[in-house]
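Down below is the structure, laid out as structure tokens.
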Amino acid sequence: METQLDPMKDDLPLMANTSYMLVKHYVLDLDVDFKGKIIEGSIVLFFETGSQYRKTISAGKECCQSQFDETREMRVSEPCHIPMINVRTCSSKTEYNDFAISGKEEEATTDENSNHSNNEQASGISSSKDHRDIENHGNKDFLLVLDCCDLSVLKVEEVDVAAVSGIEKFTRPAKLTCVSQELENLRNQIVHELVTLPADHWKEQLYYFTHCSRAPGCGELLFSTGTWSLEIRKSGIQTPADFPHAIRIWYKTKPEGRSVTWTTDQSGRPCVYTVGSPINNRALFPCQEPPIALSTWQASVRTAAGFVVLMSGENSAEPVQLGEGVLSWYYYVSMPMPASTFTIAVGCWQEVKQQSFKEAAAVETNTEFSLPSSQTDFRWHEEICGHVEYPCRFQNPAARLQAVIPYRVFAPWCLMESCEEYLLQLIPQCLSAAYATLGTHPFSRLDVLIVPSNFSSLGMASPHIIFLSQSVLPGGRHLCGTRLCHEIAHAWFGLAIGARDWTEEWLSEGFATFLEDIFWAKAQQQLSHDEIKGQQELKALLRWRRLRDEVQNSEEELQVLRPKKESTGELSESGASVVKYGLKAEKIFMQVHYLKGYFLLRSLARTIGEVSYLASLRKFVVKFHGQLVLSQDFLSMLLEDIPKQKGSELTVESIFQNWLDTSGIPKPLLEEGETWKECQLVQQVSGEVTKWIQANRRIRKSSKKKMKQDEVVFQQLLPDQLVLLLESLLEEKTLCPGILQCLERTYQLRGQDAEVSH
Numbered sequence: 001m002e003t004q005l006d007p008m009k010d011d012l013p014l015m016a017n018t019s020y021m022l023v024k025h026y027v028l029d030l031d032v033d034f035k036g037k038i039i040e041g042s043i044v045l046f047f048e049t050g051s052q053y054r055k056t057i058s059a060g061k062e063c064c065q066s067q068f069d070e071t072r073e074m075r076v077s078e079p080c081h082i083p084m085i086n087v088r089t090c091s092s093k094t095e096y097n098d099f100a101i102s103g104k105e106e107e108a109t110t111d112e113n114s115n116h117s118n119n120e121q122a123s124g125i126s127s128s129k130d131h132r133d134i135e136n137h138g139n140k141d142f143l144l145v146l147d148c149c150d151l152s153v154l155k156v157e158e159v160d161v162a163a164v165s166g167i168e169k170f171t172r173p174a175k176l177t178c179v180s181q182e183l184e185n186l187r188n189q190i191v192h193e194l195v196t197l198p199a200d201h202w203k204e205q206l207y208y209f210t211h212c213s214r215a216p217g218c219g220e221l222l223f224s225t226g227t228w229s230l231e232i233r234k235s236g237i238q239t240p241a242d243f244p245h246a247i248r249i250w251y252k253t254k255p256e257g258r259s260v261t262w263t264t265d266q267s268g269r270p271c272v273y274t275v276g277s278p279i280n281n282r283a284l285f286p287c288q289e290p291p292i293a294l295s296t297w298q299a300s301v302r303t304a305a306g307f308v309v310l311m312s313g314e315n316s317a318e319p320v321q322l323g324e325g326v327l328s329w330y331y332y333v334s335m336p337m338p339a340s341t342f343t344i345a346v347g348c349w350q351e352v353k354q355q356s357f358k359e360a361a362a363v364e365t366n367t368e369f370s371l372p373s374s375q376t377d378f379r380w381h382e383e384i385c386g387h388v389e390y391p392c393r394f395q396n397p398a399a400r401l402q403a404v405i406p407y408r409v410f411a412p413w414c415l416m417e418s419c420e421e422y423l424l425q426l427i428p429q430c431l432s433a434a435y436a437t438l439g440t441h442p443f444s445r446l447d448v449l450i451v452p453s454n455f456s457s458l459g460m461a462s463p464h465i466i467f468l469s470q471s472v473l474p475g476g477r478h479l480c481g482t483r484l485c486h487e488i489a490h491a492w493f494g495l496a497i498g499a500r501d502w503t504e505e506w507l508s509e510g511f512a513t514f515l516e517d518i519f520w521a522k523a524q525q526q527l528s529h530d531e532i533k534g535q536q537e538l539k540a541l542l543r544w545r546r547l548r549d550e551v552q553n554s555e556e557e558l559q560v561l562r563p564k565k566e567s568t569g570e571l572s573e574s575g576a577s578v579v580k581y582g583l584k585a586e587k588i589f590m591q592v593h594y595l596k597g598y599f600l601l602r603s604l605a606r607t608i609g610e611v612s613y614l615a616s617l618r619k620f621v622v623k624f625h626g627q628l629v630l631s632q633d634f635l636s637m638l639l640e641d642i643p644k645q646k647g648s649e650l651t652v653e654s655i656f657q658n659w660l661d662t663s664g665i666p667k668p669l670l671e672e673g674e675t676w677k678e679c680q681l682v683q684q685v686s687g688e689v690t691k692w693i694q695a696n697r698r699i700r701k702s703s704k705k706k707m708k709q710d711e712v713v714f715q716q717l718l719p720d721q722l723v724l725l726l727e728s729l730l731e732e733k734t735l736c737p738g739i740l741q742c743l744e745r746t747y748q749l750r751g752q753d754a755e756v757s758h
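Laid out in structure tokens, this is it:
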């Protein structure tokens with residue numbers, strides 16, 4: 001019998017009812033307050049009616065002239081509401097009057113700079129309901145559910161998009177006699193026309209999104225906040241089609257919110273950034289978290305002068321001075337992606353520049369790298385894309401030939417020199433290697449930021465921006481290059497192609513781990529085929545050892561790559577779901593999705609042959625970019641390309657059974673045998689391990705407790721070889737202090753990269 005899970009402890013709930021209403025665009029207007037450690041302001045959400053409740057918006061209903069007035073009366077008089085305290089309408093300055101939320105919520109702040117005001121009362125709903133079981137029938141009001149956590153929601157209002165100048169072009173004549181109903185339908189019609197504009201009108205669309213987001217409010221909405229959600233309703237509105245399709249939420253984050261971390265950088269200056277939290281961005285802004293809620297966004301962020309705002313955005317933002325000591329930064333994206341991929345970092349970052357090298361590197365990489373495959377790769381690009389309409393780089397002839405996209409590097413002042421030494425040189429090489437492997441870069445530019453020392457991993461990729469740990473900088477090119485390759489790979493696998501069910505994390509991390517080796521091999525242009533093969537076999541052995549150790553020391557349930565098995569990708573009627581084990585603390589530190597995913601892809605590549613396999617990957621990218629996939633989408637397409645004689649025993653079902661749906665070491669991996677032990681680099685390490693063990697035994701038997709440097713000649717080793725050497729020596733029961741000192745002197749361990757140091 002399956003253990004009963006505690007949703008608050010084990011699974012991450014995705015509460016948004018995306019089947020009823022789907023966010024298509026977010027407009028954020030925010031201020032960053034380092035003194036109070038909060039981000040505050042407003043977010044405007046533009047919706048489409050969801051698949052479950054899509055209907056003709058213009059369908060007539062009986063209504064009365066005084067509908068809005070009656071709604072306001074109901075909000076004040078209904079017994080479930082809390083006592084009201086007056087609040088002025090919030091302005092773009094994002095500061096507020098004192099008032100309470102939902103009877104128990106938030107501390108107040110003070111408004112000194114509101115541009116306009118009214119004395120309407122903010123309302124909340126005193127009790128929450130189970131979002132997953134909400135039905136919209138009878139005379140019940142429709143309830144919009146957003147994912148939200150650790151936020152102080154101050155006010156929710158409908159946006160009067162019909163008041164925007166020039167918006168008439170998005171309206172059609174309506175045959176309605178009720179003024180209030182006609183206005184409501186008109187607003188929703190405008191939003192519908194706006195969010196469905198064709199891709200070649202994206203600039204016009206962005207223009208009107210901006211102006212609609214600044215339109216005045218036209219009535220406050222009822223809301224309540226729960227542990228994981230924000231519920232919003234409008235009295236008398238019973239269906240998603242009639243619910244306001246443009247709403248503005250005034251809110252502020254909390255200092256303890258888990259989506260961002262407030263800290264200081266390596267130079268001691270304050271900063272804040274998204275940390276890749278298990279709860280994603282719901283503590284940064286109210287949103288729809290399920291992956292199916294693909295949306296675009298734009299954001300204006302104001303900070304004190306001296307701070308730099310970096311964000312997931314297609315444009316390289318330049319600050320605009322609003323007043324003395326205040327700068328505004330603006331970013332946007334036109335490619336729809338899950339809200340969880342939104343990333344922001346605000347700090348005193350310095351741009352690292354080395355202009356002369358950049359110019360030389362651009363020439364070199366563009367001449368050295370090109371797509372190695374035949375012209376059939378380019379014919380794939382001529383096919384119609386399968387994603388929702390947006391300005392796609394795969395349909396842009398210039399983008400398809402761009403081996404190195406524009407890039408910038410930012411870091412705290414004290415790390416600029418370290419970034420110049422290797423990182424700046426490696427970025428164009430790794431970008432070119434990725435292009436040579438997979439083709440068109442899905443994103444138009446890239447920022448790389450060295451994040452503060454409290455960052456818990458080596459890297460994190462988001463649209464248009466990569467976070468790297470300071471740990472990748474010392475110790476030479478190897479760790480910096482391989483980690484950069486890993487994060488660049490996520491542009492294709494994890495971002496441009498996302499998992500429809502987040503429990504299938506291997507579709508992102510397994511691919512990035514596999515492609516990390518391919519990219520890094522191409523980036524090291526001076527290496528022979530045998531040297532590359534040796535490095536990859538050595539890496540496979542290290543990953544095998546990590547997988548073996550993790551399987552032995554973790555819960556079986558966390559070792560399964562497809563924990564929901566045949567129900568993977570399924571949603572409730574409302575669109576709500578859970579990320580299985582998404583809140584388990586130990587899951588954050590596990591690498592099983594990286595490692596088992598890597599070994600599955602490695603096994604498939606060995607079966608098919610690397611050249612054919614990479615051609616299939618390019619084909620998969622072209623077919624599925626801009627879309628969400630499940631494991632079977634990739635596996636089915638790949639198996640179609642495998643010659644019958646090579647893959648006779650391979651089926652989607654057998655791969656599920658052997659690799660994805662079971663815990664432990666996959667059976668095919670055990671049967672394969674440790675072929676990497678035949679690798680020359682591995683054998684070289686084995687010889688060195690033997691020398692060190694023999695030297696250790698001699699010292700223990702001798703009266704001399706020190707070892708002379710010239711007693712034994714040791715070979716110089718690559719970083720991955722050093723990791724294997726040290727791991728092997730740690731298996732010895734006892735190592736003499738003299739041996740440890742000699743290890744340090746021989747390999748200069750303190751100057752090696754972070755993986756060796758660890």
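Here the sequence shown is numbered in UniProt numbering, starting from 1 and rising by one per residue. Ideal placement from N, C-alpha and C gives every residue a C-beta, glycine not left out. In this text, all values refer to a predicted model and were calculated from it rather than measured experimentally.
In the structure shown, residue 488 adopts helical secondary structure according to DSSP, grouped into three states. Membership of residue 248 in the beta strand (DSSP E) is indicated by the continuous run 246 to 253.
Rounded to the nearest angstrom, the gap between the Cα atoms of residue 556 and residue 664 is 7 Å. Segment contact: the stretch 259 to 274 against the stretch 339 to 354, three or more CB-CB distances shorter than 8 Å; contact assigned.
Under the Cβ criterion (8 Å, minimum of three pairs), the stretch 259 to 269 does not count as touching the stretch 181 to 192. CA-to-CA, the gap between residue 691 and residue 149 works out to about 57 Å. Around the beta carbon of residue 750, fewer than 16 other beta carbons sit within 10 angstroms, so the residue counts as exposed.
For the pair residue 300 and residue 513, the Cα-to-Cα distance works out to about 35 Å. Checking the DSSP bridge columns, you'll see residue 311 partnered with 344. Scanning the stretch 214 to 285 from its first residue to its last, the whole beta strand (DSSP E) runs of 3-plus residues come out as 217 to 220, 222 to 225, 229 to 233, 246 to 253, 260 to 264, 270 to 274.
Between the alpha carbons of residue 152 and residue 216 lies a distance of about 22 Å. The shortest C-alpha to C-alpha distance from residue 309 to any of 232, 288, 331 is the one to 331. Taking residue 685 as the centre and dropping the five residues before and after it, the same chain places the C-beta of 721, 724, 725 closer than 6 Å to its C-beta, in chain order.
The alpha carbon of residue 471 has as its nearest neighbour, out of 486, 485, 453, the alpha carbon of 453.
DSSP places residue 745 within a helical segment (H, G or I) once states are collapsed to three. As computed with DSSP, residue 152 is found in a beta bridge with 252. For residue 713, the closest alpha carbon among the candidates 731, 165, 687, 226 is that of 687.
Between the alpha carbons of residue 674 and residue 437 lies a gap of roughly 27 Å.
Assignment of residue 170 by DSSP, reduced to helix, strand and coil, places it in the helix class. Residue 632 is bridged by DSSP to nothing; it lacks a bridge partner.
Between residue 47 and residue 245, the CB-CB gap stays under 8 Å. Secondary structure of residue 335 (DSSP, three-state): strand. Check the Cα spacing between residue 559 and each of 586, 317, 289, 329: the tightest is with 586. Apart from the 5 residues on each side of it in sequence, residue 38 sits with its Cβ closer than 8 Å to the Cβ of 252, 253, 254, 255 in its chain, given in chain order. Beta-bridge annotation (DSSP): residue 465 is paired with 447, 462. From the listed residues 385, 440, 394, the smallest Cα separation to residue 404 is found for 440. With fewer than 16 other Cβ atoms inside 10 Å of its own Cβ, residue 553 counts as exposed. Of the residues assessed, residue 198 falls on the exposed side of the cut-off, its CB having fewer than 16 other CB atoms within 10 angstroms.
Per DSSP, residue 593 is one residue of the alpha helix (DSSP H) stretching across 592 to 608. Residue 408: member of the beta strand (DSSP E) spanning 407 to 411, first to last residue. Residue burial is scored here from C-beta neighbours: residue 24 has at least 16 other C-beta atoms within 10 angstroms and is therefore classed as buried. Judged by DSSP in its simplified three-state form, residue 24 adopts strand. In the three-state reduction of the DSSP assignment, residue 12 falls in the strand class.
Contact between the stretch 488 to 498 and the stretch 457 to 470 is present: three or more C-beta pairs spanning the two stretches fall below 8 Å.
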